[in-house]
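K.L.:
Taking the numbering used here, I'd label the letters of the sequence shown as residues 356 to 405. Note that the Cβ used here is the ideal one computed from N, Cα and C, for glycine as well. Values in this document were obtained by computation on a predicted structure and should not be read as measured data.
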Amino acid sequence: MKTTVKKVSAEIKNASTNSKIKIDRKLDNLKIIESGKQEEINKLTFNINL
């Protein structure tokens with residue numbers, strides 16, 4: 356019984372670690388997209404100011 360509990364506990368830890376990694380990747384991707392959009396805004400603003 357103890358080994359089963361340990362195994363399930365380890366699986367839960369791994370799942371939460373994997374979820375965290377996936378969330379971190381999505382956040383990184385969103386930051387990259389946001390950065391790209393901000394760059395576009397800066398270019399457009401620069402062009403308007405000319």
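Give me the Cα-Cα distance between Arg-380 and Gly-391, rounded to the nearest whole angstrom.
P.N.:
Approximately 17 angstroms, taken between the alpha carbons.
K.L.:
Where in the region 357–398 do unbroken runs of the beta strand (DSSP E), each at least 3 residues long, occur, reported from the N-terminal end onward?
P.N.:
For the region 357–398, not a single whole beta strand (DSSP E) run of length 3 or above is found.
K.L.:
If you draw a straight line from the C-alpha of Thr-400 to the C-alpha of Ile-367, how long is it?
P.N.:
Roughly 49 angstroms separates the two Cα atoms.
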